[in-house]
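Okay, so the sequence shown: first residue is 417 according to this note's numbering, each after it adds one. Where a beta carbon is used, it is the ideal one built from N, C-alpha and C, also for glycine. On a predicted model such as this, the values are computed, not experimentally measured, just so you know. See below for the structure under consideration.
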Amino acid sequence: MLLDSRNLDAYAVGCGVLSTGGGGEADVGVTMVRLAIDGFGAVEIIDVDQLGADDLVMPCGLIGSPTLARERLWNGMEGQRLAKVMGRLHTRDINTLMCYEIAGVNGLLPALWAAHQRLPLLDADGMGRAFPEMQQQAMHLAGVEASPIVVTDGNESDIIVLTRGGLAAERLARDATESLGGTCAGALYVMDGVAARSAVIPGSVSKAIAVGTVMTSRTSGWCEALADTMHGEVLIEGTVTELEWGVGSKFARGHAVIESPATASTARRQVRIELQNEMLLAIEEGEVAACVPDIIAAIDLLTGRPIDTENLRYGQYLGIVLLPAPEIWWTDAGLRTAGPEAFGYATGITDKHHRVGNDSGQFRHGH
C-alpha cells in the first residue's frame with residue numbers, strides 16, 4: 417500500500433477522528449506531507465508481517481505542546497536527525513519509521529519524515545488513538561524500553577535521554593522538550609522487527625485511511641456512517657452550550673456540554689465531556705456514558721471534519737461518536753496505564769459504563 421495524493425486527505429481526517437481530540441492539529445501537517453510526496457514520491461506502507469528480524473523500527477512524532485506546534489513549520493529534516501542519532505546509539509541504521517500515535521499531526525509527521533528519507537512507514541502505532549504521556553503505549557505494556565529517547569528541534573540541537581522505566585522517560589523527555597522551546601520532534605521505543613511484531617498495534621495507518629474515507633466520501637450523515645462502519649455509536653448531536661478550561665498539574669483540563677433540543681418525540685438531552693489533551697469521559701444525567709480508553713470523537717456537523725479539543729467553541733454544532741479502542745487498553749495492564757484511574761478519576765467507572773463494540777465488531781456491556 418502507498419500513501420499518496422489519492423488517500424492523503426482521507427488519512428489526515430482519519431487521524432483526526434482517532435485522535436479523540438488530541439495529537440495536534442493536522443492542517444499544516446497534511447500540507448507538508450503533500451509537498452514531500454510531490455517532491456520525493458509516495459510513502460510505502462508496510463505490514464508488521466513484512467518486517468525482518470534485523471529491521472530497526474523507530475516510533476516518532478511530536479513531543480510537547482500541541483498549541484505551540486500549531487505555530488511551527490517543520491522543515492522535514494527532523495526525522496533524519498532522529499534516525500541518525502538513533503542509528504548511532506543502536507549501532508545500525510533505522511530502516512522503518514512508525515507513528516507512536518495515530519492521531520492528528522502525530523500521524524502525519526512520521527509520513528513526512530518517511531517521504532524525505534525514502535523509508536517505509538509501518539502500518540502500526542503505539543496507541544491506536546491519542547494519549548498524553550510516553551508510557552501510555554503498547555510497547556510499554558510489552559516490555560520494550562522507551563530509552564534511549566532522542567528529541568530534536570531539527571536545527572542541530574539534539575538531546576538524548578537515557579533512563580529506565582516509562583514514568584521516568586515521560587518526565588525527563590518532557591523536561592528536555594521544554595529546553596527546546598516546548599515542542600519538538602522525538603523518537604522512542606526503538607525496537608527490532610522481532611519485538612515489533614508482538615509489541616505494536618497493527619493496522620493503524622490502514623484503519624485511519626478507512627475511517628477518513630468514510631468521512632470524505634459523504635456530504636452528510638457522517639456520524640451515523642462512522643458509527644456503522646467502525647462498530648461504534650452516536651452518543652449525541654447538538655450544540656456546545658458550555659465550555660470551560662482550567663489549569664491542571666501538567667495539562668490544561670476542562671469540560672464541554674453538548675445539548676440537543678427537545679423534539680415531539682424526544683426530550684432535551686445534555687452530555688458533558690471531560691477534557692484534558694483528549695476527550696476522556698462522556699457523562700449524561702450523572703452517569704458515565706463512555707470513558708477512556710475508548711475513543712470519543714467530536715465531528716463538525718456542518719463540514720464532517722473532526723474537531724480537536726483546542727478548537728472546541730461555544731455554539732458549535734457537532735456530534736459525539738464513540739469508537740472502540742484497541743483491545744489491549746481493556747486488559748488489566750492497559751487500564752492501569754491508560755484507563756480512567758490513570759487520569760485521576762474514581763475507581764469502578766469501567767465496571768459501570770456502556771462499552772461500544774470492539775475491533776472485531778462484538779458489542780459489549782461493561783468490562
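Legend entry - CB of residue 433 within 7 Å of CB of residue 627, strictly: Yes, they are a contact pair.
Legend entry - Cβ pair count under 8 Å reaching 3, the segment 446-453 against the segment 517-534: Result yes; three or more Cβ-Cβ pairs closer than 8 Å.
Inset, instruction - Compute the beta-carbon to beta-carbon distance between residue 517 and residue 598, rounded to the nearest angstrom, for a pair I have assumed lies under 8 Å. - result: Not confirmed; about 18 Å, so no contact.
Legend entry - Alpha-carbon spacing of residue 588 relative to residue 548, whole angstroms: Between residue 588 and residue 548, the alpha-carbon positions lie close to 14 Å from each other.
Inset, instruction - Consider the C-beta atom of residue 608 and the heavy atoms of the ligand FMN; say whether any pair is separated by less than 6 Å. - result: Although the ligand FMN was asked about, the structure shown includes no ligands whatsoever.
Legend entry - Cβ pair residue 419, residue 478 closer than 7 Å: No.
Legend entry - Touch test, the segment 468-477 against the segment 490-510, Cβ-Cβ under 8 Å, three pairs minimum: Enough Cβ pairs lie closer than 8 Å, so yes.
Legend entry - Residue of 658, 507, 630 minimising C-alpha distance to residue 645: Comparing alpha-carbon positions, the option among 658, 507, 630 lying closest to residue 645 turns out to be 630.
Legend entry - Backbone CA spacing between residue 783 and residue 737 [nearest angstrom]: At residue 783 the pLDDT is 31, less than 50, meaning the model places this residue with poor confidence and gives no usable figure here.
Inset, instruction - Out of 601, 553, 584, 561, point me to the one whose CA is closest to residue 575's CA. - result: When each option's Cα is compared against that of residue 575, the closest is 601.
Inset, instruction - Please name the residue, chosen from 686, 615, 566, that lies closest to residue 705 on a Cα-to-Cα basis. - result: Of the listed residues, the one whose Cα sits closest to residue 705 is 686.
Legend entry - residue 423 to residue 625 span [Cα, whole Å]: If I take the Cα positions, the gap works out to 7 Å.
Inset, instruction - Taking residue 431 and residue 519 to be in contact with their CB atoms under 8 Å, please state how far apart those CB atoms are, rounded to whole angstroms. - result: At roughly 6 Å, the Cβ-Cβ gap stays under 8 Å, so residue 431 and residue 519 are in contact.
Legend entry - Close beta carbons around residue 605, own chain, < 6 Å, minus the five adjacent residues each side: Only residues of its own chain outside the window of five on either side were considered, and among them 475, 555, 560, 562 have a CB closer than 6 Å to the CB of residue 605, listed in chain order.
Inset, instruction - Inspect the beta-carbon positions of residue 616 and residue 592 and report whether they are closer than 7 Å. - result: No.
Legend entry - Nearest neighbour of residue 677, chosen from 659, 694, 669, 655 [CA to CA]: Cα-wise, what sits closest to residue 677 is 655.
Inset, instruction - Locate the alpha helix (DSSP H) running through residue 642, then write down its first and last residues. - result: Bounds of the alpha helix (DSSP H) holding residue 642 are 638-645.
Legend entry - Length at least 3, wholly inside the segment 473-557: the beta strand (DSSP E) runs in chain order: Counting only runs of 3 or more, we get 512-515.
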